[in-house]
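Shown next, in structure tokens, is the structure this report addresses.
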Amino acid sequence: MKIAELRNHPFLLLVLKDGESDGYFSPEFIAKLKQQLIDMSLRIASDNLSIIYADQIKKGCEIVLGISNLGLLDLCDNNANKAKEIIKTQGIVYCFRAGWAKYAQLKKVSPLFFERISISTYALAINDTADISLMHANLMKESYKSAKLLDVYKSIAANYSANKSVIEDDTVLSEDILEVELQRFLNTAIALLLIDSDKKVFTTSLYKVLKTYLISTEKDVLLEKLQTCIVKLTEQLSIPTRSYLQEVELLVFSEFKAIIKQQTDIATFIQEILELPIILLVELNDDFEGGYDFHADDEDDIAYLRPDEV
Numbered sequence: 003m004k005i006a007e008l009r010n011h012p013f014l015l016l017v018l019k020d021g022e023s024d025g026y027f028s029p030e031f032i033a034k035l036k037q038q039l040i041d042m043s044l045r046i047a048s049d050n051l052s053i054i055y056a057d058q059i060k061k062g063c064e065i066v067l068g069i070s071n072l073g074l075l076d077l078c079d080n081n082a083n084k085a086k087e088i089i090k091t092q093g094i095v096y097c098f099r100a101g102w103a104k105y106a107q108l109k110k111v112s113p114l115f116f117e118r119i120s121i122s123t124y125a126l127a128i129n130d131t132a133d134i135s136l137m138h139a140n141l142m143k144e145s146y147k148s149a150k151l152l153d154v155y156k157s158i159a160a161n162y163s164a165n166k167s168v169i170e171d172d173t174v175l176s177e178d179i180l181e182v183e184l185q186r187f188l189n190t191a192i193a194l195l196l197i198d199s200d201k202k203v204f205t206t207s208l209y210k211v212l213k214t215y216l217i218s219t220e221k222d223v224l225l226e227k228l229q230t231c232i233v234k235l236t237e238q239l240s241i242p243t244r245s246y247l248q249e250v251e252l253l254v255f256s257e258f259k260a261i262i263k264q265q266t267d268i269a270t271f272i273q274e275i276l277e278l279p280i281i282l283l284v285e286l287n288d289d290f291e292g293g294y295d296f297h298a299d300d301e302d303d304i305a306y307l308r309p310d311e312v
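The sequence shown begins at 3 in the working numbering and counts up by one.
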């Protein structure tokens, strides 16, 4: 069989068709294999989708086809003759398990990333020509990047977290939230360097120094020193951490630069991009719940402290 000329179906179906045509697979064998595929499809639909709706059962069939196809390709190294031998001697369930093991690799590398990947991602229709091995390889790359994000986050948070931020459950926060918090930690590191502090967390006095410095210093001078601080911080990072942060552009500090350039309400906006202790946020906003809310709930806060009327 010339696989390159028959790329109008998934590899597994081509192998089955070829084996059936040349008599390698008996009719009884094909019938048994089809029943196994049906049983697995119903199980997948039952566990992950629904067996009430026909389209969900169909999707279950496509998932089984895709994962079995992935497993077979990995086992046979894309060799059609070897693929037929594996199917005949080991069975289609063996191929599915091999594919499932590869799918499960995503969770081992990064549980956080795995939560984002629906099992339907691996579905293949009977006329689907997508390269599922390439797709899985790309997902693995993204999974490793996700794992790196979590490692870097924990490393930076260990130094610059002003509040409890170390993750105990890898699936609690999304990658987007991790990146936002990581940027806040890095902004804090830069802000402390701006005022020549060797501390890792802001105190009330340090924040007052920063606020005064930002308000009283010329924009061009601020931007020049900011760039110097970025270089200094970058040099302090380990090479792997530095490379990752540069790759995802978290060492650009565009938001920090924008606040300096606009020269308007710097004191208001700067606290929104920094990692500050909750007690400091309360002091800054004169608000028991923290956060810049223009004192919208101060009356509620005061009412909460008033004793109940007798």
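Virtual Cβ for every residue (Gly too), placed ideally from N, Cα, C.
message: Using 9 Å as the threshold, is the C-beta distance between Leu18 and Ile65 below it?
response: no
Secondary structure at Ile69, three-state DSSP: helix, strand or coil? helix
Cβ atoms of Thr236 and Lys253: under 9 Å apart, would you say? The residue you asked about is not Lys; residue 253 is Leu in the sequence shown. Against a cut-off of 9 Å, the Cβ pair of Thr236 and Leu253 comes out as a contact.
query = Cβ of Ile94 within 9 Å of Cβ of Leu108?
reply = no
- prompt: How do the region 25 to 34 and the region 96 to 107 stand: do at least 3 beta-carbon pairs fall below 8 Å, yes or no?
  reply: no
Cα-Cα separation, Asp57 to Ile134
22 Å
Report task. Find out if the Cβ-Cβ distance for the pair Ala164, Ile280 is shorter than 9 Å. Result -> yes
Subject >> Distance between Ile275 and Arg2 (C-alpha atoms, nearest Å) >> reply: Here the chain covers residues 3 to 312 and nothing more, so residue 2 does not appear.
Going by DSSP in three states, Val111 sits in which element: helix, strand or coil? helix
Tell me the rounded alpha-carbon separation between Gly62 and Ala103. 18 Å
* Asked: Buried or exposed: which applies to Tyr55, given that a residue is buried once 16 or more other Cβ atoms fall within 10 Å of its Cβ?
  -> exposed
Once DSSP output is grouped into helix, strand and coil, what is the label at Glu220? coil
Shorter than 8 Å, the distance from the beta carbon of Ala164 to the closest heavy atom of the ligand ZN, or not? The ligand ZN is absent from the structure shown, which contains no ligands of any kind.
Contacts around Tyr125, its chain only, beta-carbon distance under 8 Å, and the 5 residues preceding and following it disregarded:
Here the sequence assigns Ala to residue 125, which means Tyr is not the residue at that position. Answer for Ala125: Lys61, Glu64, Ile65, Leu67 and Gly68, listed in chain order.
inquiry  = Counting C-beta neighbours from all protein chains within 10 Å, is the total for Ser148 16 or more, i.e. buried, or is it exposed?
reply    = buried
Please report the straight-line C-alpha distance between Leu16 and Leu51, rounded to a whole angstrom.
27 Å
Buried versus exposed call for Asp20 [16 or more other C-beta atoms within 10 Å across all chains shown]: buried
Inter-residue Cα distance where the pair is Thr205 and Ala193:
12 Å
Checklist line | Asn161, enclosing alpha helix (DSSP H) - first and last residue | finding: Ile134 to Tyr162
**Asked** Run through DSSP, which three-state label would Pro12 get?
**Response** coil
Please name the residue in Asp130, Asp153, Asn161 and Asn189 whose C-alpha comes closest to that of Glu177.
Asp153
Notebook entry, point to check: Mind checking Lys201: buried by the 16 CB within 10 Å criterion, or exposed?
Noted result: exposed
_Residue from Tyr246, Leu247 and Ala260 with nearest C-alpha to Leu228_ = Ala260
Through-space distance from Asn81 to Glu87, alpha-carbon basis: 10 Å
* Starting from the Cα of Leu180, find the closest Cα among Ala191, Ser157 and Lys263 and give me that residue. => Ser157
Requested in this report: Could you say which of Thr214, Asn129, Asn189 and Gln264 lies nearest to Val203 if we only look at CA atoms?
Outcome: Asn189
**Request:** With DSSP as the reference, label Gly93 as helix, strand or coil.
**Result:** coil
field: Best match in Ser43, Tyr155, Phe116 and Asn161 for proximity to Val182 [C-alpha to C-alpha]
entry: Tyr155
Here's the rule I'm using: 16 or more other beta-carbon atoms within 10 Å means buried, otherwise exposed. How should Gly101 be labelled? buried
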